[in-house]
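What follows is a single structure, written as C-alpha coordinates, with notes after it.
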Amino acid sequence: MDRPLYRGSYKPYVSPLDPCPPIRVKTFVLPPQIFTNFQQPGLPQYSPEEALRRGTLWPLFDDGFSREEGIS
(Lines of atoms letter the chains of each structure in order from A and count residues from 1; the text may use other names and numbers.)
(Lines give C-alpha, C1' and ligand atoms only; values in the text may rest on other atoms or scores of the structure.)
Protein backbone atom coordinates (compact mmCIF):
# COMPACT_ATOMS: atom_id res chain seq x y z
CA MET A 1 0.00 0.00 0.00
CA ASP A 2 1.48 3.33 -1.03
CA ARG A 3 1.01 6.13 1.44
CA PRO A 4 0.74 9.60 -0.02
CA LEU A 5 3.35 12.17 0.91
CA TYR A 6 1.83 15.12 2.64
CA ARG A 7 4.12 17.76 1.20
CA GLY A 8 3.42 20.74 -0.90
CA SER A 9 4.89 23.95 -2.16
CA TYR A 10 3.69 27.31 -3.30
CA LYS A 11 5.10 30.50 -4.79
CA PRO A 12 4.45 33.46 -2.50
CA TYR A 13 4.05 37.01 -3.70
CA VAL A 14 7.41 38.77 -4.04
CA SER A 15 7.22 42.51 -3.58
CA PRO A 16 9.56 44.65 -5.69
CA LEU A 17 9.96 46.92 -2.64
CA ASP A 18 11.03 44.20 -0.19
CA PRO A 19 14.63 44.86 0.96
CA CYS A 20 15.25 41.18 1.81
CA PRO A 21 16.17 38.58 -0.80
CA PRO A 22 12.96 36.77 -1.77
CA ILE A 23 12.14 33.15 -1.10
CA ARG A 24 10.68 32.13 -4.44
CA VAL A 25 9.23 28.74 -3.43
CA LYS A 26 8.05 27.82 0.06
CA THR A 27 7.48 24.20 1.05
CA PHE A 28 5.37 22.68 3.80
CA VAL A 29 4.73 19.29 5.38
CA LEU A 30 1.38 18.12 6.72
CA PRO A 31 1.58 15.35 9.32
CA PRO A 32 -0.42 12.23 8.37
CA GLN A 33 -2.34 12.16 11.66
CA ILE A 34 -4.38 15.25 10.73
CA PHE A 35 -6.10 13.19 8.02
CA THR A 36 -7.13 10.43 10.46
CA ASN A 37 -10.63 10.90 11.87
CA PHE A 38 -10.16 8.32 14.63
CA GLN A 39 -7.50 5.89 15.73
CA GLN A 40 -8.41 2.32 14.91
CA PRO A 41 -7.98 -0.25 17.69
CA GLY A 42 -5.22 -2.80 17.33
CA LEU A 43 -2.81 -0.79 15.19
CA PRO A 44 0.73 -2.20 15.01
CA GLN A 45 3.19 -0.46 17.32
CA TYR A 46 6.92 0.18 17.37
CA SER A 47 8.98 -1.00 20.30
CA PRO A 48 9.45 1.72 22.96
CA GLU A 49 13.04 2.38 21.84
CA GLU A 50 12.09 2.61 18.17
CA ALA A 51 9.11 4.83 19.01
CA LEU A 52 11.39 7.29 20.81
CA ARG A 53 13.70 7.38 17.79
CA ARG A 54 10.88 7.91 15.30
CA GLY A 55 8.75 10.24 17.41
CA THR A 56 5.58 8.14 17.19
CA LEU A 57 4.35 4.84 18.55
CA TRP A 58 2.41 3.81 15.43
CA PRO A 59 4.01 3.17 12.00
CA LEU A 60 0.86 4.55 10.36
CA PHE A 61 1.72 8.02 11.70
CA ASP A 62 5.43 7.88 10.85
CA ASP A 63 5.91 10.40 8.05
CA GLY A 64 9.60 9.56 7.66
CA PHE A 65 10.85 13.02 6.77
CA SER A 66 9.83 15.50 9.47
CA ARG A 67 13.00 15.12 11.56
CA GLU A 68 15.39 15.54 8.65
CA GLU A 69 13.58 18.71 7.62
CA GLY A 70 13.50 20.10 11.15
CA ILE A 71 9.72 20.03 11.52
CA SER A 72 9.37 17.95 14.68
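Numbering (this note's numbering), first residue to last: 1 to 72. Note that the Cβ used here is the ideal one computed from N, Cα and C, for glycine as well.
Item to complete: Thinking residue 44 and residue 59 are a contact (beta carbons under 8 Å), I'd like their distance in whole angstroms, please.
Response: Indeed, because the Cβ distance is near 6 Å, the residues count as touching under 8 Å.
Worksheet item: Thinking just about the alpha-carbon of each residue, which of 48, 19, 51, 61 is nearest to the one in residue 38?
Response: Comparing Cα positions, the closest option is 61.
Worksheet item: Would a C-beta distance cut-off of 8 Å place residue 23 and residue 12 closer than the cut-off?
Response: Yes, the Cβ-Cβ distance between residue 23 and residue 12 is below 8 Å.
Practice prompt. Return the CA-CA distance between residue 6 and residue 57, expressed in angstroms with no decimal places.
Written response: Their backbone Cα atoms lie some 19 Å apart in a straight line.
Worksheet item: Can you give, in chain order, each stretch of the beta strand (DSSP E) that sits fully within the segment 14-46 and has at least 3 residues?
Response: Listed in chain order, they are 26-29.
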